[in-house]
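A.B. asks: Before I ask anything, here is the structure I am working with.
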Amino acid sequence: MEQTAAELAILLDGSVSGNPETRVRKLGKIESAGTGAVTFLANKEYEKFVYSSCASVVVVSKDFKPKKDLPPEMTLVRVDDPYSAFAKLLDAYDNILKRDEGVHSTAIIHPDAIIGDACAIGPGVVIDKGATIGDRTELRAHVYIGRDVTIGTDCMFFSGVRILDRCHVGNRCTIQGGTVIGSDGFGFAPKDDGSYAKVPQTGNVIIEDECDLGALCTFDRATLGSTIIRKGCKLDNLIQVAHNVVIGEKTVIAAQTGIAGSTTIGSQ
């Protein structure tokens, strides 16, 4: 990635204070960014670093007024919201880093599976019978996609993700490494002799569009029907979602949370 300050300003809907031809080729933290880096200032507690930073470009708010002289080679890009603008820049940079599309030679894909256009299928990926993968979705190393699973467009699954039989993931979803979608719910019926009979878990899990799921989470399939994560949910690492749970739209849940079976959580 190499861009001028002027090009960054266009991307971020901002304006340039300084040299519009200043070039950047990397991202950095404001405390440690060097020459050729772009960084941002969104928190006043970090303003002290801007006066000694070696960053070539700093993304700041439109109303930022330096309390003392800035480094002479520094160029500012002024935007409405520096944090959101830098998130947009990070997303653009992340897209550049994505792997080239295509299917790795070690991937195993059932002949009845359907793979969309411009997908990237990494080493050791297994895609089982009847699965459908939407356009531009990336599956990194050792992802497993079970039978009759449907995956939407523009998704990113990191290494070791498991999407088990008959589950559904919508469009523009990101799932971090090691997360399992569709493991059996914890269902056991007590017997007269004190032992337990396993209750078959015949439902599935539905992850709606634009969800971000952290690493090492488990989402149990429903006993009957579906466990449902509604559109736009953001879940951190190490979360257990039990069978038949419904989580409402745009809900955010922090790490190490356990949600008991048949719980319903409202939207946002």
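First residue of the sequence shown: 142, per the working numbering; consecutive thereafter. Here a beta-carbon is modelled for each residue, glycine too, at the ideal position from N, C-alpha and C.
1. At which residues does the alpha helix (DSSP H) containing residue 151 begin and terminate?
2. Would you mind working out which of 393, 292, 406 sits nearest residue 256, comparing C-alpha positions?
3. Distance, Cα to Cα, residue 407 vs residue 387?
4. Between 216, 210, 328, 177, which lies nearest to residue 147 when the distance is taken from Cα to Cα?
5. Can the beta-carbon of residue 199 be found less than 7 angstroms from the beta-carbon of residue 182?
6. Spatial neighbours of residue 247 within its chain, please: CB distance less than 6 angstroms, with the 5 preceding and 5 following residues excluded, ordered by chain position.
7. Can you give the Cα-Cα distance for residue 301 and residue 222, rounded to whole angstroms?
8. If you draw a straight line from the alpha carbon of residue 352 to that of residue 379, how long is it in whole angstroms?
9. Report the option in 331, 283, 160, 179 whose CA atom is closest to the CA atom of residue 170.
10. Which of the three DSSP states, helix, strand or coil, is assigned to residue 229?
11. Classify residue 184 as buried or exposed, calling it buried when 16 or more other Cβ atoms lie within 10 Å of its own Cβ.
12. Could you work out which residue in 189, 366, 214, 197 is closest to residue 206 when comparing CA atoms only?
13. Which one of 261, 173, 218 has the shortest CA to CA distance from residue 279?
14. Below 8 angstroms, how does it come out for the segment 331-338 and the segment 347-361: are there three or more Cβ pairs, yes or no?
15. Hey, quick one: how far does the alpha helix (DSSP H) through residue 191 stretch, first residue to last?
16. Going by CA-CA distance only, name the one from 316, 294, 343, 295 that's closest to residue 284.
17. Kindly give me the distance between the Cβ atoms of residue 287 and residue 305, rounded to whole angstroms, as I take these residues to be in contact under 8 angstroms.
18. Can you give me the C-alpha to C-alpha distance between residue 225 and residue 331, rounded to a whole angstrom?
19. Taking only three categories from DSSP, how would you classify residue 207?
20. Measure how close the beta-carbons of residue 356 and residue 384 come, nearest whole angstrom, since I'm counting them as under 8 angstroms.
21. Can you tell me which of the three DSSP states residue 236 falls into?
22. Applying the criterion that 16 or more other CB atoms from any shown protein chain within 10 Å of the CB defines a buried residue, is residue 163 buried or exposed?
23. With respect to the beta strand (DSSP E) encompassing residue 410, which residues constitute its N-terminal and C-terminal limits?
24. With residue 329 as the anchor, note down where its beta strand (DSSP E) starts and where it stops.
25. Leaving aside the five residues before and after residue 395 along the sequence, list all residues of the same chain whose C-beta is less than 7 angstroms from its C-beta, in chain order.
C.D. replies: In terms of the structure at hand:
1. Unbroken alpha helix (DSSP H) run through residue 151: 146-152.
2. Among 393, 292, 406, the Cα nearest to that of residue 256 is on 292.
3. In this structure, the CA atom of residue 407 is about 8 angstroms from the CA atom of residue 387.
4. With distances taken between Cα atoms, residue 147 lies closest to 216.
5. Going by C-beta atoms, residue 199 is nearer than 7 angstroms to residue 182.
6. Correct list, in chain order: 264, 265.
7. Their backbone Cα atoms lie some 35 angstroms apart in a straight line.
8. Spanning the alpha carbons of residue 352 and residue 379 requires a straight line of approximately 16 angstroms.
9. Ranking 331, 283, 160, 179 by Cα distance to residue 170 puts 179 first.
10. In the three-state DSSP reduction, residue 229 falls in the helix class (H, G or I).
11. Flag for residue 184 reads exposed.
12. The residue with the shortest Cα to Cα distance from residue 206 is 189.
13. It is 261 whose Cα lies nearest to the Cα of residue 279.
14. The segment 331-338, when compared against the segment 347-361, does not touch it at the 8 angstroms Cβ threshold.
15. 188-191 is the extent of the alpha helix (DSSP H) around residue 191.
16. Of the listed residues, the one whose Cα sits closest to residue 284 is 316.
17. About 4 angstroms; that satisfies the 8 angstroms criterion.
18. Straight across, the Cα-Cα distance linking residue 225 with residue 331 is about 53 angstroms.
19. Residue state, collapsed to three classes: coil.
20. No, residue 356 and residue 384 are not in contact; Cβ-Cβ is about 21 angstroms, not under 8 angstroms.
21. The answer is helix: DSSP assigns residue 236 an H, G or I state.
22. Counting other Cβ atoms within 10 Å of its Cβ, residue 163 reaches 16 or more and is therefore classed as buried.
23. Nothing in the structure corresponds to residue 410, since the chain is present only between 142 and 409.
24. Looking at the DSSP string, the run of the beta strand (DSSP E) that includes residue 329 is 329-331.
25. A distance below 7 angstroms between beta-carbons, with the five flanking residues on each side excluded, links residue 395 to the following residues of its chain, in chain order: 377.
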